[in-house]
Every structure is written in C-alpha cells, then in structure tokens.
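Written out below as structure tokens is the structure these notes cover.
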Amino acid sequence: MGAMIKRTMKKQAVKERGTIRFIEENDIEKIDAYWGSKNNWEAIPAKVSEMKKFADWDKVIKLDHGYDENKPTSQLNLEDIKGAAKFRGGECLSTDMETGNWAGKLDFKCAFDHTFTASPKLMLEGGHFCPQCELESWNYKERAKREPFFAQVWNPIQSKADGREYMKSYQN
Ligand SMILES: [Zn+2]
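Residue numbers for the sequence shown follow the working numbering, beginning at 6 and rising by one.
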C-alpha cells in the first residue's frame with residue numbers, strides 16, 4: 006500500500022510543475038518558492054521517520070505592537086500613533102488627532118514612500134498599514150529590513166525563508 010501511494014505521488018511530482026521536476030531541472034526560482042531554498046530541500050531527511058517534529062508548543066512570543074497597550078484606548082494620542090507608525094517603518098504625517106479617537110482617519114507614509122490614510126483602529130487593532138505594499142507583492146525580506154514591527158516575526162524564520170519578491174497579480 007505504501008509503495009503504491011509513493012508511486013502515485015511520485016508520478017504527480019515529476020510532471021510539469023511537479024515538485025520533483027523542479028529539483029531535476031534545478032529550477033532555482035521554483036525551488037525557492039516551494040522549499041524556501043535548495044539548502045532546505047537538501048536538509049530534508051530521506052526517511053519520514055527521521056523528520057524532526059515541532060515540539061516547542063509552550064514557547065510564547067509576545068509581539069510588540071509599537072505602542073503602550075496598557076494605556077486605555079481613550080487616552081491614545083498623536084504621539085502614540087506616531088510611535089506606532091515609526092515602528093512599522095513609516096511615519097504619521099498628520100499634525101493633530103483628537104485624543105482617543107480611534108475611528109478618525111490620519112495620514113501616513115510607509116517605509117516605501119507610499120502615502121495613505123487609515124484610522125488608528127485599522128492600524129493598531131486591525132493590523133493593517135500600507136495598502137499599496139500589500140497589493141503589489143510579497144517582499145518580506147526588504148520589508149523586514151525597514152519595518153521593526155514586521156521584522157520581529159520575519160527574522161526568527163529568516164534562515165528558512167528566501168528573500169525573493171513575488172509580484173501579486175489579480176484577475177477580475
Ligand atoms: Zn507601502
């Protein structure tokens with residue numbers, strides 16, 4: 006049974022766009038996209054039983070959101086928002102904000118010089134920042150260099166990930 010499954014899977018994997026075909030043809034771009042890098046692929050043990058299982062379930066990593074989360078939201082002011090924007094590699098361009106107003110829109114610039122408006126709620130609670138960066142591509146390596154907020158989740162897995170930029174495309 007095991008041999009049969011293996012045969013069936015392998016048949017798929019050597020087809021065009023199959024993951025073994027990437028290795029056979031040394032198609033680095035696709036290898037990077039699928040495994041992160043050729044080194045990652047080479048590090049996979051020959052036997053499934055030799056695979057190391059994830060065991061670090063109890064380790065908790067608390068993310069820094071770039072502002073004092075103990076402060077009641079009714080007291081958040083422009084300085085807090087400016088600090089949070091800086092932590093996201095950008096800048097809050099607005100010069101005033103009504104303290105505690107989470108819904109009012111403010112002006113921002115991201116680490117790649119795009120400008121946009123967003124409410125503090127969208128940024129701090131919703132986790133959004135620059136809409137243009139999100140639309141254009143997956144460019145995590147470069148973003149991590151400029152955005153400390155993003156770097157804290159990206160850098161710990163960096164050795165397993167590649168630094169390519171993948172453009173996004175949309176079909177309507
Ligand atoms: Zn941007």
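All residues carry an ideal CB built from backbone N, CA and C; glycine is no exception.
Q. What first and last residue would you give for the alpha helix (DSSP H) that runs through Lys43?
A. Taken as a continuous stretch (DSSP letters only), the alpha helix (DSSP H) holding Lys43 covers Lys43 to Glu47.
Q. Using a threshold of 8 Å, is the CB atom of Cys97 nearer than that to any non-hydrogen atom of ligand 1?
A. Not so, every heavy atom of ligand 1 lies at least 8 Å from the Cβ.
(Q) Taking the alpha carbon of Phe113 as the reference point, which residue from Ala123, Asn106 and Ile25 has its own alpha carbon closest? (A) When the alpha-carbon of Phe113 is set against those of Ala123, Asn106 and Ile25, the nearest one is in Ala123.
Q. Are Asp37 and Arg148 closer than 9 Å when you measure CB to CB?
A. Judged by beta-carbon spacing, Arg148 lies beyond the 9 Å limit of Asp37, meaning their Cβ atoms are not closer than that value.
Q) Since Ser142 sits in a beta bridge, which residues does DSSP pair it with? A) Met172.
**Q.** Beta carbon nearer than 5 Å to a non-hydrogen atom of ligand 1
**A.** Listed along the chain, these residues meet the criterion: Cys115, Phe117, His119, Cys135, Gln137 and Cys138.
Q | Thr122 - partner residues in DSSP beta bridges | A | Here Thr122 is bridged, per DSSP, to Asp112.
Q: Taking only the alpha-carbon atoms, compute the straight-line gap between Glu152 and Ile10 and give it to the nearest angstrom.
A: Going from the Cα of Glu152 to the Cα of Ile10 covers about 45 Å.
**Q.** Presumed contact (8 Å Cβ cut-off) between Val19 and Arg26, rounded CB distance
**A.** Under the criterion of beta carbons closer than 8 Å, Val19 and Arg26 qualify as touching, at roughly 6 Å.
Q: My understanding is that Gly95 touches Ala116, with C-beta atoms under 8 Å, so please give their C-beta distance in whole angstroms.
A: Gly95 to Ala116, Cβ: 6 Å. Contact.
Q. In chain order, what residues of the same chain lie with their CB nearer than 6 Å to the CB of Trp143, ignoring the 5 residues before and after it?
A. Contacts found: Tyr171.
Q.
Based on DSSP bridge pairs, tell me the residues matched to Glu96.
A. Glu96 pairs with Lys114.
**Q.** Helix, strand or coil at Asn160 according to DSSP, with G and I counted as helix
**A.** Note: Asn160 maps to helix in three-state DSSP.
Q: With distances taken Cα to Cα, identify the nearest neighbour of Pro77 among Gly105, His70, Lys87 and Arg93.
A: Nearest of Gly105, His70, Lys87 and Arg93 to Pro77, Cα basis: Gly105.
Q: Can you grab the Cα-Cα spacing for the pair Gly23 / Trp40, in whole Å?
A: Computed Cα separation, rounded: 13 Å.
Q. Can you list, in chain order, the stretches of the alpha helix (DSSP H) that have 4 or more residues and sit fully within the region 19 to 84?
A. List check, alpha helix (DSSP H) in window: 24 to 29, 33 to 40 and 43 to 47.
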